[in-house]
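Only one structure is covered here, and it is reproduced in the block below.
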Amino acid sequence: MANGNIKNLFKSFLIFVILSLILLSFVYLITNILLVKLVYQNHISYTKNLVKIAKNGINNYLEKMIEELSVYSKNRDIILLNEKGKFLIDSIQKVNSSRYSNVTRIDKSGKIVYTAPFNRDAIGKNVLYQEHNKKLFKNKTIVISKPFLAVQGYRAIAVASPVFRDENFDGGFTYLLPFLRIYEEFLSSVKPTKNSFLIVFNDDGKIVYSPDYFKEFDEISGVNRFFFVEDTSLVDSSENFSSLRISSLNSFGSFNKNEKFLLLKSFIEIYGQKWYIYCYSPESEVKSIFNSIFRWQTTFIIVIFIMIVIVAVFLVKYLQERVSEDIEIFREIFEEKKLTESEKDFYEKIVSGIIKTKDIFLFTIKKDGEIFFSNNRISYKKNFFDIVVEEKVNSVKDSINFVVENEVSKMVFIPIKMGKNIVNMLFNISSFNHRNNVFILIFGFEYNSMKDWKLSEDIFAELFSKWYDDERPLCVIDKNGNIVARNKTFEENFVERNIYEIFQEEKELKVKNIVNRVNFDLENITLETNIEGKNYKIIFSPFYNQLLKVDYIYVKFE
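Residues in the sequence shown are numbered consecutively from 1, following UniProt numbering.
Listed below in structure tokens is the structure:
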């Protein structure tokens, strides 16, 4: 019994540690997934905010410009384009040279009549072929152009306002803005990680701005072919934004082939024009914050696991000492009672079953009621009489005194308190002396659960001899059919060491099936058969523990 209990403790320890490891691994995996998702979502949210700030800045910038342009387009000197008007145009450009690369007045035929900085070659040129001027002349309202390649060789946008003379359309007044200045003032701040970069393009796919390593591409389709879509699980299409994971097919700039990026797509729309903004962020930089959290998380999980193992080791050590003490007590009890080796072997197995079994109560108490040992069903009480219903305490004490004085055992109904409930118990009370002290062994079942055991009280306490001398063959087998204990009548009739050996081959399989069914169904099964000319009704009854696992099977031949 000692080795079995210690082995069970170590099995429990290993199961506990393995389950803890599995649980921690599961928590670790789930938190990793959630952390990665949270890091990506935070990055996307942060990038969105940067893009929104840039969008608002560009909108406000262009709105103020349109307001200013609208005012100047109504200035009489600019409308008439006299000397004062030309001087005003020059002044506007010089004062705002950091914003406007060119300020132009065109007439109602679409020809340039004046431009600042002054360019004699440009005077008289017809610019009606330009898309924004076509819209201006057609709709006669303020127009913002798509970013286009200016004759000066840089990407720019034009903001044009119609000019009216005496309420008659008389051409337009135009500002030309290098797109690079808009990028530097607003979009350059959209840099969620150190090496993030932007690509801006028109709704027709023409690239307006891109880093130097993509200068060879004029359209976004060329850049798109440079990347492979890695994952769409992070796609977010809310508030004019969408996002996905991509990887590069070739190296470029400081990035290697197969470098992974998180791409956030957005656009800005003003006066009917859409500029698409693609923000590319290296995934390694996005996840850098996760790597830091990951290290702390890993350290935390390892520390928790080590603490669990340490606690489990101390707990197993403590329980092992308790089990060893209990085993030693029972061993001394058996020595005191002068049982035979076969009796001790069987009694230890029975006691082992009792200690582990859910539906059986076992107490060893002193005469004053102090609980010396229990199978932990009501372990928080220190005195047995504290769990007995008050009005029955005196009668229980009288029964115990009777058992001690007359050295007999007695079956008694005792109602006990379990929490707020009162449970009727059928107890067998017996006594024994150990080291000059009187101990009372109280063993019992909840009355309603006795039918689940079908075990006679005569195999416990002082009535063990009655079981041993019973006229019926009685034995206890393990789940493999090995006979672990037998009474005298069984020894006289059968010499076999395994229950299966008693039966002929055609019945052996049937008995094995019965044993398997008892192990599985936890119910009594009866077999009627003939053995060497004698008819027997054999009853197989399970001993099962709190895990509903059968440890032994009680076999009775009738």
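A virtual CB, placed ideally from N, CA and C, is assigned to each residue, including glycine.
In the DSSP assignment, find the beta strand (DSSP E) that holds residue i and state where it starts and stops.
i	result
residue 490	That residue, residue 490, is in no beta strand (DSSP E); its alpha helix (DSSP H) goes 488 to 493.
residue 212	Looking at the DSSP string, residue 212 is not in any beta strand (DSSP E), and its letter there is neither H nor E.
residue 476	474 to 477
residue 501	Premise fails: residue 501 is in no beta strand (DSSP E) and is neither H nor E.
residue 527	525 to 531
residue 408	Per DSSP, residue 408 belongs to no beta strand (DSSP E) and is neither H nor E.
How is residue i classed by DSSP in three states: helix, strand or coil?
i	result
residue 385	helix
residue 102	strand
residue 304	helix
residue 510	helix
residue 47	helix
residue 557	strand
residue 273	strand
residue 29	helix
residue 171	strand
residue 193	coil
residue 56	helix
residue 539	strand
residue 123	coil
residue 243	strand
residue 221	helix
residue 315	helix
residue 73	coil
residue 552	strand
residue 460	The predicted position of residue 460 is uncertain, since its pLDDT is 41 and thus under 50; no value can be drawn from it.
residue 111	strand
residue 67	helix
residue 470	coil
residue 186	coil
residue 216	coil
residue 128	coil
By the 10 Å Cβ neighbour count, where 16 or more other Cβ atoms means buried, how is residue i classified, buried or exposed?
i	result
residue 299	exposed
residue 555	buried
residue 387	buried
residue 64	exposed
residue 27	exposed
residue 560	Because residue 560 is not part of the residues shown, which for the chain are 1 to 558, the question remains open.
residue 138	exposed
residue 473	buried
residue 357	Only weak support exists for where residue 357 lies, its pLDDT of 43 falling under 50; the value from the coordinates is given anyway. It is buried - the Cβ of residue 357 has at least 16 other Cβ atoms within 10 Å.
residue 221	exposed
residue 425	buried
residue 364	buried
residue 74	exposed
residue 526	exposed
In the DSSP output, which residue or residues are listed as bridge partners for residue i?
i	result
residue 444	361 and 427
residue 178	156
residue 370	383
residue 144	159
residue 257	None, per the DSSP bridge assignment.
residue 415	424
residue 485	476
residue 165	168
residue 432	439
residue 116	103
residue 202	275
residue 248	227
residue 268	275
residue 263	244 and 280
residue 149	155
residue 534	531
Does residue i come within less than 8 Å of chain D when only Cβ atoms are used?
i	result
residue 147	Although the question refers to chain D, the structure presented lacks it and comprises just one protein chain.
Got a sec, what are the start and stop residues for the alpha helix (DSSP H) residue i sits in?
i	result
residue 284	283 to 286
residue 80	76 to 80
residue 93	83 to 95
residue 136	131 to 139
Since residue i contacts residue j with CB under 8 Å, what's their CB separation in whole angstroms?
i	j	result
residue 246	residue 267	That pair is no contact at about 18 Å.
residue 278	residue 265	6 Å
residue 57	residue 228	That pair is no contact at about 33 Å.
residue 134	residue 111	Contact doesn't hold; Cβ gap of about 14 Å is too wide.
residue 59	residue 270	6 Å
residue 200	residue 209	4 Å
residue 146	residue 202	5 Å
residue 177	residue 159	7 Å
residue 439	residue 431	7 Å
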